[in-house]
Amino acid sequence: MTGRLKGKVAVITGAAGNIGLATAERFLAEGASVIAVDRNTEGLKAIKNSTADNLLAISGDVTSETDTLSLLEAATKRFGRIDIFFANAGVEGVIRHVPDYPMDAYDRIMEVNVKGVFLAMKHIAPHMSEGGSFIVTSSIMGLIGVPVNGPYAASKHAVVGLMKSAAIDFAPRKIRFNSVHPGLVQSEMFNRLVQDYEDPEAKRKAALGSIKLGRWIVPADIANAVLFFASDDSSMVSGQTLAIDGGQLL
Ligand SMILES: NC(=O)c1ccc[n+]([C@@H]2O[C@H](COP(=O)([O-])OP(=O)(O)OC[C@H]3O[C@@H](n4cnc5c(N)ncnc54)[C@H](O)[C@@H]3O)[C@@H](O)[C@H]2O)c1
13 MTGRLKGKVA VITGAAGNIG LATAERFLAE GASVIAVDRN TEGLKAIKNS
63 TADNLLAISG DVTSETDTLS LLEAATKRFG RIDIFFANAG VEGVIRHVPD
113 YPMDAYDRIM EVNVKGVFLA MKHIAPHMSE GGSFIVTSSI MGLIGVPVNG
163 PYAASKHAVV GLMKSAAIDF APRKIRFNSV HPGLVQSEMF NRLVQDYEDP
213 EAKRKAALGS IKLGRWIVPA DIANAVLFFA SDDSSMVSGQ TLAIDGGQLL
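If you want our numbering, it's the 1-based position in the sequence shown plus 12.
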């Protein structure tokens, strides 16, 4: 590791999940101090290679305005600044065609995947350091339509609109906004979703077949792309969408 985030303070939401965990560990290895947030507090204990000095684990719900304000207070109290915000917490919804989609699943998706990101932009971005970087986890479903999880695709398109708008809004303060768009990542989320299909094994095979580079995408692949946006290597990149999909969309 090369210390590409040395001296920087990064918040990661959904840090107990597959992508969040891989990114937290990568950020720590690159010299950042990390505030790891998740509603699954127990899961945050899995973060490796941290010390009491460089990691603050916080239980929080990204859909709560109160929790977002508490997060801001806790992070600034502990580390004095926020340079990087990785808005990554998300839920996957269910595999249903539009007419059969349950309204409670629709509401939950919009609440976590869209409002959760917006609250961080509204309350935390204004307090980020000049030259900071805000990264959102969208999905390849934020770039294309999908027949069986329309509300998820809608939520992941919505955050691109928020990201591009915030990129303009915060440009005078030199805070950059970008989004990462993972393809099908080997993860608990994918495992849960695949079970919703009539033939999970066939879906799994088809999913792997759609990845033209010929191997599963793993959380570390996403962490690498997030690191690029978080680091000064991308200091003139803002408002961009980057698919990490092994060529799925080609
Ligand atoms: N796994 C994939 O194939 C895939 C593909 C494209 C995009 N994504 C996106 O990547 C992001 C991370 O997903 P993952 O694959 O690591 O899934 P995951 O389920 O392993 O992790 C998601 C994490 O978010 C947390 N979370 C959910 N709702 C929350 C809330 N309201 N407040 C705080 N924390 C909350 C969960 O507790 C969990 O730890 C999500 O936004 C997801 O939509 C995943």
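Even for Gly, the Cβ is constructed at its ideal location relative to N, Cα and C.
Integer-rounded CB distance, given that residue j should sit under 8 angstroms from residue i
| i | j | result |
| --- | --- | --- |
| Ala-69 | Ala-87 | Going by Cβ atoms, the distance from Ala-69 to Ala-87 rounds to 12 angstroms, so no, they are not a contact pair. |
| Phe-97 | Ala-44 | 12 angstroms between Cβ atoms; not a contact. |
| Trp-228 | Gln-198 | 4 angstroms |
| Phe-110 | Asp-208 | The amino acid at residue 110 is misidentified as Phe; the sequence shows Val. 15 angstroms between Cβ atoms; not a contact. |
| Glu-42 | Gly-15 | 6 angstroms |
| Lys-224 | Gly-258 | 6 angstroms |
| Val-192 | Val-238 | 6 angstroms |
| Gly-154 | Val-171 | 7 angstroms |
| Gly-4 | Asn-66 | Outside the shown range of the chain, which is 13 to 262, sits residue 4, and nothing can be said about it. |
| Ala-78 | Ile-136 | First, the residue type needs correcting, since residue 78 is Thr and not Ala in the sequence shown. The Cβ separation is near 13 angstroms, so there is no contact. |
| Ala-28 | Asn-52 | 4 angstroms |
| Ala-36 | Val-46 | 5 angstroms |
Proximity to residue i [Cα-Cα], best of the options
| i | options | result |
| --- | --- | --- |
| Ile-94 | Phe-146, Val-74 and Pro-114 | Phe-146 |
| Ala-99 | Ala-44, Gly-162, Lys-127 and Gly-55 | Lys-127 |
| Ile-187 | His-193, Pro-194 and Ala-179 | Ala-179 |
| Thr-63 | Leu-40, Ala-34, Tyr-113 and Ile-96 | Leu-40 |
| Leu-265 | Pro-194, Gln-198 and Arg-204 | The chain is shown from 13 up to 262; residue 265 falls before or after that span and cannot be answered. |
| Gly-32 | Gly-251, Val-249, Asp-233 and Met-248 | Asp-233 |
| Lys-215 | Phe-202, Ala-242, Gly-226 and Pro-138 | Phe-202 |
| Val-158 | Glu-104, Lys-89 and Val-124 | Glu-104 |
| Ile-24 | Leu-83, Ser-76 and Thr-78 | Leu-83 |
| Met-122 | Lys-60, Val-74 and Arg-204 | Val-74 |
| Arg-38 | Ser-246, Ala-242 and Ser-247 | Ala-242 |
| Pro-114 | Tyr-164, Gly-102 and Leu-81 | Tyr-164 |
| Leu-56 | Glu-77, Thr-80 and Gly-26 | Gly-26 |
| Ile-152 | Ala-101, Leu-262 and Ala-28 | Leu-262 |
| Met-175 | Ser-246, Leu-196 and Val-148 | Val-148 |
| Ser-167 | Ser-71, Arg-108 and Val-129 | Val-129 |
| Gly-251 | Asn-30, Ala-183, Ala-117 and Gly-92 | Ala-183 |
| Ala-117 | Asn-161, Lys-89, Glu-142 and Arg-90 | Asn-161 |
| Arg-90 | Val-21, Gly-173 and Ser-76 | Val-21 |
| Asn-190 | Pro-212, Gly-226, Ser-76 and Ser-246 | Ser-246 |
Check: residue i C-beta below 8 angstroms from any heavy atom of ligand 1
| i | result |
| --- | --- |
| Gly-221 | no |
| Pro-111 | no |
| Met-194 | With the sequence shown as reference, residue 194 is identified as Pro, and Met is not the correct amino acid for it. Yes - ligand 1 has a heavy atom lying nearer than 8 angstroms to the Cβ of Pro-194. |
| Arg-227 | no |
| Arg-51 | yes |
| Lys-168 | yes |
| Phe-130 | no |
| Met-122 | no |
| Ile-152 | yes |
| Met-201 | yes |
| Asp-208 | no |
| Asp-116 | no |
| Ile-31 | yes |
| Glu-104 | yes |
| Val-197 | yes |
| Ala-101 | yes |
| Ala-27 | yes |
| Pro-231 | yes |
| Thr-149 | yes |
| Gly-259 | no |
| Asp-244 | no |
| Gln-119 | According to the sequence provided, residue 119 is Asp. The question's Gln does not apply to it. No, Cβ of Asp-119 sits at least 8 angstroms from all heavy atoms of ligand 1. |
| Val-348 | Outside the shown range of the chain (13 to 262) lies residue 348, about which nothing can therefore be said. |
| Gly-162 | no |
| Asn-190 | no |
| Asn-125 | yes |
| Gly-157 | no |
| Gly-55 | yes |
C-beta neighbour in chain B for residue i, strict 9 angstroms
| i | result |
| --- | --- |
| Asn-161 | The structure shown has no chain B; it contains just one protein chain. |
Minimum length 3: unbroken beta strand (DSSP E) runs contained in the segment 25-68: 45-50
Within the segment 81-129, ranges of the beta strand (DSSP E) (whole runs, at least 3 residues): 96-99
Beta strand (DSSP E) runs contained entirely in the segment 137-194, provided each spans 3 or more residues: 145-149 and 188-194
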